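The structure appears right after this line, and notes come after that.
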Amino acid sequence: MKLPTQADVARLAGVSRAIVSYVVNDQAGGQIPISEETRQRVLAAVAELGYVPDSRAQALRSGSTKTIGLIIPDIQNPHF
Numbered sequence: 016m017k018l019p020t021q022a023d024v025a026r027l028a029g030v031s032r033a034i035v036s037y038v039v040n041d042q043a044g045g046q047i048p049i050s051e052e053t054r055q056r057v058l059a060a061v062a063e064l065g066y067v068p069d070s071r072a073q074a075l076r077s078g079s080t081k082t083i084g085l086i087i088p089d090i091q092n093p094h095f
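Add 15 to a position in the sequence shown, counting from 1, and you land on the number used in our numbering.
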């Protein structure tokens, strides 16, 4: 089964993908006038479809994976 995308959420809510992005990422910050009704429609569509942002896409966009590496000398050593 295909995971829902922002385009799917936008289609169901009757708004643009940009509005979905602003609502999901909570980036409007008062600079973009999004009515509470529109915000609630988007959030309802998100819940109905089970949409979750793709962490790989976020990592590409931000340039940060929020992952750390760990190098250990011997994995068999019980200390590690």
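Beta carbons: idealized from backbone N, C-alpha and C, even for Gly.
Computed from a predicted model, the values in this text were never measured in an experiment.
The three-state secondary structure of Ile49, taken from DSSP, is coil.
For Ser77, the enclosing alpha helix (DSSP H) covers residues 70-77.
Contact between Ile34 and Val57 is confirmed by a C-beta separation of about 7 Å, below the 8 Å threshold. Counted as a single uninterrupted DSSP element, the alpha helix (DSSP H) harbouring Tyr37 occupies residues 32-39. Per DSSP, Gln21 is one residue of the alpha helix (DSSP H) stretching across 21-28.
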